[in-house]
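Numbering (full-length UniProt numbering), first residue to last: 1 to 345.
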Ligand SMILES: NC(=O)c1ccc[n+]([C@@H]2O[C@H](COP(=O)([O-])OP(=O)(O)OC[C@H]3O[C@@H](n4cnc5c(N)ncnc54)[C@H](OP(=O)(O)O)[C@@H]3O)[C@@H](O)[C@H]2O)c1
């Protein structure tokens, strides 16, 4: 079948799909999430073949990844990733909707209208309606405020998230990219509204250690929310694909405005080479080591990964098949996992 063709028959999910991954409790809630969640930020727009995208999503489900993360912005164009996922849901996964945790986000700019940006009630709730139509579902499991919006009162944003939940259009509320103090305020306000904050979605990896530095990890434990950490592979930089310094044709650093090849410099190579050597000693890959590292913390409920092939998914979800990291190994990783390495944005 050509990658663009629409499959004739729906996918039959693997019977052993719950045998691969641990499921971890999100903070003080009653909800378990898979140790790996799958995000549709890149390569799920109309510029990539439907068949390839469908294979990746269905492989993720077969591997026990029940949580799929979306946003109104994901494409290109904006909203294309949700429309794509809606097709897969309709054709393949509708019978399994109860087994899926679907999330979406709103608040980052998606157009020129004043209501297509920011965390106002109007922006968040109209976007949620649109996402539900595109996804073809009555509810999402988690609805996020994508980013803090200093121009909107936090009370208004929190009230909109709480309304999404009380109206049944979302089961849980989340926030993303909120700095620690605003995250705490949001958690307090949401609790007062009777809708406890389920999860915060920050960027976290060996090269972006802000959640450790600014106290977000401790806050998650204190306020009882989970962390769903995004870009745990630093968009592919924490894999062996850039180790030689050359950028493969198909790699994100060649094809995405979000990752410049200029970050692949001598410092980056020195640090990843040392981390790669440790991974090899442990019998795993650098990608697996980097994923195992973010999941060492109980506050990290799930590592939110992307993938451009089913091979990457198969490989990455085996990250927890290796012995736990020792204190000595963690110390070595601190030496080379330096905050700010190859970071942009
Ligand atoms: N809340 C937010 O503001 C926010 C922001 C960003 C992301 N997110 C969420 O987080 C999700 C994941 O982000 P991400 O895609 O940056 O995560 P990531 O897991 O750090 O990077 C994934 C990319 O790394 C490469 N890769 C993965 N495994 C590999 C392997 N074993 N060997 C070689 N290369 C490998 C692939 O890129 P190539 O093969 O194309 O090079 C893949 O697409 C997004 O989809 C989105 O849901 C949220």
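Don't be surprised by glycine CBs; every beta carbon is placed ideally from N, CA and C. Owing to the predicted nature of the structure, the values given are computational and were not obtained by experimental measurement.
A distance below 7 Å between beta-carbons, with the five flanking residues on each side excluded, links residue 118 to the following residues of its chain, in chain order: 107, 149, 151 and 152. Under the three-state reduction of DSSP output, residue 201 falls in the strand class. For the 7 Å CB-CB criterion, residue 276 and residue 291 do not form a contact. Taken through DSSP and simplified to helix, strand or coil, residue 165 comes out as helix. As the crow flies, the alpha-carbon of residue 123 is around 22 Å from that of residue 188.
Here residue 262 is exposed. Its C-beta has fewer than 16 other C-beta atoms within 10 Å. Looking only at 125, 240, 19 and 131, the smallest Cα-Cα distance to residue 157 is reached by 125. When 10, 11, 37 and 12 are compared, the shortest CA-CA separation from residue 23 is found for 37. The beta carbon of residue 55 sits closer than 8 Å to those of 310, all from its chain and outside the five residues before and after it, given in chain order.
By a beta-carbon distance limit of 8 Å, residue 161 does not contact residue 135. Their separation comes to about 18 Å. Residue 76 sits in coil when the DSSP states are folded into three classes, being neither helix nor strand. For residue 101, the enclosing beta strand (DSSP E) stretches over residues 101-106. A Cβ-Cβ distance of about 5 Å is found for the pair residue 299 and residue 217, placing them in contact under the 8 Å criterion. As for any alpha helix (DSSP H) of minimum length 4 sitting wholly inside the region 111-148, the runs are 121-135, ordered along the chain. Taking 7 Å as the cut-off, the Cβ atoms of residue 128 and residue 74 do not count as close. Under a 10 Å Cβ-count criterion, residue 339 is classified as exposed, with fewer than 16 other Cβ atoms of the shown protein chains found around its own Cβ. Counting only the Cα atoms, residue 278 lies some 31 Å from residue 57. Counting every other CB atom within 10 Å of its CB across the protein chains shown gives residue 155 a total below 16, marking it as exposed. Counting only residues of its own chain and dropping the five nearest sequence neighbours on each side, residue 241 has a CB closer than 8 Å to the CB of 248 and 251. Distances taken from the Cβ of residue 75 to the heavy atoms of ligand 1 include none shorter than 6 Å. Between residue 104 and residue 131, the gap from beta carbon to beta carbon is short of 7 Å. Beta-carbon to beta-carbon, residue 111 and residue 80 are separated by about 14 Å, too far to satisfy the 8 Å threshold. In the displayed model, residue 207 falls within coil according to three-state DSSP, outside both helix and strand.
Here residue 296 is exposed, its C-beta having fewer than 16 other C-beta atoms within 10 Å. It is roughly 43 Å from the alpha-carbon of residue 244 to the alpha-carbon of residue 94. Short note on residue 252: C-beta closer than 6 Å to some heavy atom of ligand 1. Between the C-alpha atoms of residue 65 and residue 33 there is a straight-line separation of about 9 Å.
Here the alpha carbon of residue 194 sits roughly 39 Å from the alpha carbon of residue 11. DSSP places residue 315 inside the alpha helix (DSSP H), whose first and last residues are 310-316.
Looking at 220, 334 and 84, the one whose alpha-carbon comes closest to that of residue 272 is 334. Residue 16 and residue 61 have their C-alpha atoms spaced approximately 11 Å apart. Per DSSP, residue 301 is one residue of the beta strand (DSSP E) stretching across 300-305.
About 7 Å separates the Cβ atoms of residue 197 and residue 223, confirming a contact at the 8 Å cut-off.
Excluding residues up to 5 positions away in sequence, 219 and 223 lie with their Cβ nearer than 7 Å to the Cβ of residue 184 in the same chain.
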